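Each residue of the sequence shown is one higher than the one before, counting from 176 in this note's numbering.
Below is one structure, written out as structure tokens; comments come after it.
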Amino acid sequence: MAHDIRKSCAGRRPVWLVIGASSGIGQEIAMQAQSHATVIAAGRDKSRLQTVATAGCQILELDLTSSFAVIQEALAPLIQQHGFIDAIINVAGYLLEGAVEEASDEETQHIFETHVFGPLRLTRAILPSMRSAHKGTIAHVVGIGSLQGAANAGIFCASKAALSTAVEALQKEVDPLGIHVSLVQLGHFRTPFLSAGHRRKVAGHISDYDPVLNPIRAAFDAFDGSQQGDPVKGARVIVDAVARGDGTLPWLLPVGPDVPAAELQAHETRASQMQAVQAWTSGTDVDGEV
């Protein structure tokens, strides 16, 4: 069912909720989206939303690690005030840096709460109103790290890969209902994502991993601030794609020229590995059946 989000209802301005709008590309998305919609910019700490508030966005304090009931309670007055939330763009996230073994249960749980369970709670909280209206757009933003496991960021990559798989399934389930879902694969953009204030290092340290991870940590430091992606341009691609709100919104939206290259590399690596062990896959079927 085609639905142009720019013409949501006659005489009514569409409403977008942007999660993770306190900094980086999420902040840029919230500010640019105002040309298309009334924007509610959300983040864990209201004090960090002043830039988007000054720019004209409504602000909402919302922590995705909160319970489903808390997220429902946060959305209820918005739906009551505006009648309907036309689009949700979730950009919330952070980098957890360290070896897989170094990460504690608490650190692993928190990043999965932020990147997987929280976004799924948010999605479950908004879907009833969208199903009732047979329209709406949900976009979850992930990065290149979702494509394959990277040393020094394995838990981060795992969480983003988990969200990616869930969003792919969700898109197949709700598209027949008139709801558009997109997984935005974000390349490397010049945002604070790799800065000291946004990178979280695991508390544990195992020196055996230093020879492997120290060069990667140094590469992260060197890459910070030199990423080729312009967040203003990247945000514009995402905002324009969501604003269309019709069948042309791809379920998989790569943003940045490095994304297709990373996708191809990941597939080539897997294909090479499969080729190397192909002999192991034969001789496992039930005898006498085709």
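Cβ coordinates follow ideal geometry from the N, Cα and C atoms, glycine included.
No experiment lies behind these values; they were computed from the predicted model shown.
Practice task
Mark LEU439 as exposed unless 16 or more other C-beta atoms lie within 10 angstroms of its C-beta, in which case mark it buried.
Solution key: exposed
Problem - Sheet register partners of ASN265 (DSSP bridge) - result: ILE194, HIS315
Exercise for the section: Quick one: grab the DSSP three-state call for SER357. Expected result: If DSSP states are grouped into helix, strand and coil, SER357 belongs with the strands.
Exercise for the section: Return the CA-CA distance between ILE204 and ALA196, expressed in angstroms with no decimal places. Expected result: Put simply, the backbone Cα of ILE204 is about 8 Å away from that of ALA196.
Practice task
Indicate whether at least one CB of chain B lies closer than 8 Å to the CB of ASP220.
Solution key: Absent here is chain B; the protein component of the structure consists of one chain.
Practice task
Could you tell me whether the region 220 to 234 touches the region 380 to 389, where touching means 3 or more Cβ pairs closer than 8 Å?
Solution key: no
Problem - Host alpha helix (DSSP H) of ILE330 (start-end) - result: 329 to 349
Practice task
Figure out for me which residue from THR213, ARG219, ASP350, LYS376 has the closest Cα to the Cα of GLN233.
Solution key: THR213
Problem - Simplified DSSP assignment, three categories, for LEU188 - result: Checking the sequence shown, residue 188 turns out to be Arg, not Leu. Note: ARG188 maps to coil in three-state DSSP.
Handout entry: With 16 other Cβ atoms within 10 Å as the buried cut-off, status of VAL193
Key = buried
Problem - Closest by C-alpha distance to THR298, when choosing among PHE287, PRO252, ARG411, GLN247 - result: GLN247
Practice task
Would you give the residue range spanned by the beta strand (DSSP E) that GLU272 belongs to?
Solution key: 270 to 272
Handout entry: GLY218 - containing beta strand (DSSP E), residue span
Key = 213 to 218
Handout entry: Element boundaries [beta strand (DSSP E), containing LYS376]
Key = 374 to 376
Practice task
Have a look at PRO252 and ALA308 and give me their C-alpha separation to the nearest angstrom.
Solution key: 18 Å
Handout entry: Per-residue DSSP class, three states only, for VAL434
Key = helix
Problem - Rounded separation between GLN202 and LEU239 - CA only - result: Here the C-alpha atom of GLN202 lies approximately 17 Å from the C-alpha atom of LEU239.
Practice task
Return the CA-CA distance between ALA325 and LEU237, expressed in angstroms with no decimal places.
Solution key: 30 Å
Problem - Buried or exposed by the 16-neighbour rule on C-beta atoms within 10 Å, applied to SER198 - result: buried
Practice task
Using the Cα positions of ALA328 and ASP462, report the straight-line distance between them to the nearest angstrom.
Solution key: Whole-angstrom Cα-Cα distance: 44 Å.
Problem - Own chain partners of LEU345 with C-beta closer than 6 Å, once the 5 adjacent residues on each side are dropped - result: Within the same chain, LEU345 has close Cβ partners VAL356.
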